[in-house]
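Undergrad:
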Amino acid sequence: MHPSERAITSSTDNPVMLRVSENAKEFVGTKYKYGGTTKKGMDCSGLIYTAFTAEDIPFPRTSRDMSHLGYRLNLKEVNVGDLLFFETDKKKRVINHVGLVVDRDPNQIYFIHSTTSRGVIISSLEENYWRENFVMARRVE
C-alpha cells in the first residue's frame, strides 16, 4: 500500500513532526509552480516551508537555506518529519531539491516533494533517480 493511502505507522514519537507530515500530505496532487506555496501550485521548498509554518515553526524559503538547519543524520536514523536533500543538477553541484519524510519501513524511506513534471507526490528513496541524487538527511527540532 502506498504511504499516502495509509496512516503513518512510523516509529517517530514527535507529534509536531507528525502534524508537519500531515500538513504536507494535504498538497498531494498540487501542480508544480516555481516559488509557489499554495494549492494553486508550489515548488519543493514551498511545500516544506508551508508544512512547517502551518505549525508556527519559522522556516527558510529555499532548499539550500533549509540544508543548514538542524543536524545531519544517517539514513538508518531518519524518521517522519526529517528532511532529505538532493543535487539534481550535477553541473552546479548545489542543493536544489528537498523532500520531507512521511513514512518508512525497514527497506524504504518515503518522502513528499514537488517535482517539475508531476507536482506534489510521494516517492521512495529507493527509486534510482532519487537514490543517485541524494546528498544528506537532516533533522530540525
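If you're matching positions, the sequence shown starts at 1 in UniProt numbering and goes up one per residue. Just so it is clear, CB atoms sit at the ideal spot from N, CA and C, and this is done for glycine as well.
Using the C-alpha atoms, what's the distance from VAL101 back to ARG72?
TA: Position 72 of the sequence shown, counting from 1, holds the residue named residue 72. Position 101 of the sequence shown, counting from 1, holds the residue named residue 101. Their Cα atoms are separated by approximately 14 Å.
Undergrad: Take ASN14 and list the residues in its own chain whose beta-carbon comes closer than 7 Å to its own, dropping the five residues that flank it on each side.
TA: Numbered from 1 along the sequence shown, position 14 holds the residue referred to as residue 14. These residues qualify, in order along the chain: GLY81.
Undergrad: If distances are taken between C-alpha atoms only, which option among THR30, SER21 and GLU126 comes closest to ASP105?
TA: Residue 105 sits at position 105 when you count from the first residue of the sequence shown. The candidate whose alpha carbon is nearest that of ASP105 is GLU126.
Undergrad: Below 8 Å on the Cβ atoms is my guess for LEU98 versus CYS44; work out the distance and round it to an integer in Å.
TA: Taking the sequence shown and counting its residues from 1, the one referred to as residue 98 is at position 98. Taking the sequence shown and counting its residues from 1, the one referred to as residue 44 is at position 44. First, the amino acid is wrong: residue 98 is Val here, not Leu. Correct: roughly 5 Å between the Cβ atoms.
Undergrad: Okay, do the segment 45-55 and the segment 105-119 touch, 3+ Cβ pairs below 8 Å being the bar?
TA: Touching, yes.
Undergrad: Around the C-beta of residue 143, are 16 or more other C-beta atoms found within 10 angstroms, so that it is buried, or is it exposed?
TA: Any property of residue 143 remains undetermined from this structure, which presents the chain solely from 1 to 141.
Undergrad: Here's the rule: buried if 16 or more other CB atoms are within 10 angstroms of the residue's CB, otherwise exposed. What is GLY29?
TA: Within the sequence shown, the letter at position 29 stands for residue 29. Label assigned to GLY29: exposed.
Undergrad: Out of curiosity, what's the CA-to-CA distance linking PRO74 and ALA137?
TA: Residue 74 sits at position 74 when you count from the first residue of the sequence shown. Residue 137 sits at position 137 when you count from the first residue of the sequence shown. Looking at the sequence itself, residue 74 is Asn, so the reference to Pro does not match. Distance between the alpha carbons of ASN74 and ALA137: 7 Å.
Undergrad: Can you list, in chain order, the residues of its chain whose CB lies under 7 Å from that of SER21, leaving out five sequence neighbours each side?
TA: Along the sequence shown, one-based indexing puts residue 21 at 21. Same-chain partners within the cutoff: ILE8, VAL80, GLY81, LEU100 and VAL102.
Undergrad: How is the alpha helix (DSSP H) around VAL78 delimited, first residue to last?
TA: Residue mapping note: residue 78 aligns to position 78 of the sequence shown, counting from 1. No alpha helix (DSSP H) contains VAL78, which DSSP labels as neither H nor E.
Undergrad: Roughly how many whole angstroms lie between the Cα atoms of ARG131 and ARG93?
TA: As a first step, residue 131 must be located in the sequence shown, where it is residue number 131. As a first step, residue 93 must be located in the sequence shown, where it is residue number 93. Spanning the two alpha carbons is a distance of roughly 16 Å.
Undergrad: Identify whether GLY46 lies in helix, strand or coil by the three-state DSSP scheme.
TA: Along the sequence shown, read from residue 1 onward, the residue named residue 46 stands at position 46. In the structure shown, GLY46 sits in a helix (DSSP, three-state: H, G or I).
Undergrad: Suppose the cutoff is 6 Å on Cβ atoms and the five residues either side in sequence are ignored; what does the same chain contact list for ASN23 look like?
TA: Here residue 23 corresponds to residue number 23 of the sequence shown, with the count starting at 1. Around ASN23: ALA51 and ALA54.
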